[in-house]
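Heads up: the sequence shown at position 20 corresponds to 2 in my numbering, and the numbers run straight through without jumps.
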Amino acid sequence: MSVKWTAAMAANAIEEWAKKEIVNTSDRTNAFLKFFFGVSLSSVAAFATILKLYKGEVVTVDFLFYIAISFYLFSMLVILLSALRRQNSFNETTDLHSEYESDFNFFRNRMWAWFILWMLGLIFSGLSIYL
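Okay, structure coming up:
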């Protein structure tokens, strides 16, 4: 048995789907934030371990070490601040497209900031290990 779709039914289905997508965006975003925070934290642990293994018994902490750790910590801070973003609230006047676009742009920009900080941490940790 097939359902005879009317324009109103299709519009309601699309509207409900869009609402679910926007509401569930925070769940997907939280999963991404946990992942990226874990990457930053693991990078710090890997950096400290590799530094200890490469440098031997006596590890002298230099300026590059502090810069690398600072970039990793700033990348974690970006993720933590992203997690504190407000949750979406909807009412009859909410423009779903603008809410979705706003969330997408916010997290895209934060992910670029995280990536740049993380890469700088990676570069400076490499310099700290090999120089």
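From the three backbone atoms N, C-alpha and C, an ideal C-beta is built for every residue, glycine too.
Cβ separation of residue i and residue j, assumed to be a contact under 8 Å, to the nearest whole Å
i, j, result
"leucine 23", "isoleucine 111", "No, leucine 23 and isoleucine 111 are not in contact; Cβ-Cβ is about 18 Å, not under 8 Å."
"leucine 104", "serine 25", "7 Å"
"leucine 125", "leucine 15", "The shown model of the chain, from -17 to 113, leaves out residue 125, and the question about it has no answer."
"serine 107", "alanine 50", "4 Å"
For residue i, the three-state DSSP class (helix, strand or coil)
i, result
"valine 60", "helix"
"lysine -14", "coil"
"phenylalanine 19", "helix"
"phenylalanine 89", "helix"
"valine 41", "coil"
"serine 80", "helix"
"leucine 102", "helix"
C-beta contact flag for residue i and residue j at 7 Å
i, j, result
"isoleucine 61", "phenylalanine 18", "yes"
CB contact check: residue i to chain D, cutoff 7 Å
i, result
"valine 43", "The structure shown has no chain D; it contains just one protein chain."
Burial state of residue i (16 or more Cβ within 10 Å)
i, result
"methionine 58", "buried"
"phenylalanine 115", "The question about residue 115 has no answer, for the chain in this structure spans -17 to 113."
"tryptophan 100", "buried"
Own chain partners of residue i with C-beta closer than 6 Å, once the 5 adjacent residues on each side are dropped
i, result
"tyrosine 54", "Ser22, Ser25, Val26, Gly103"
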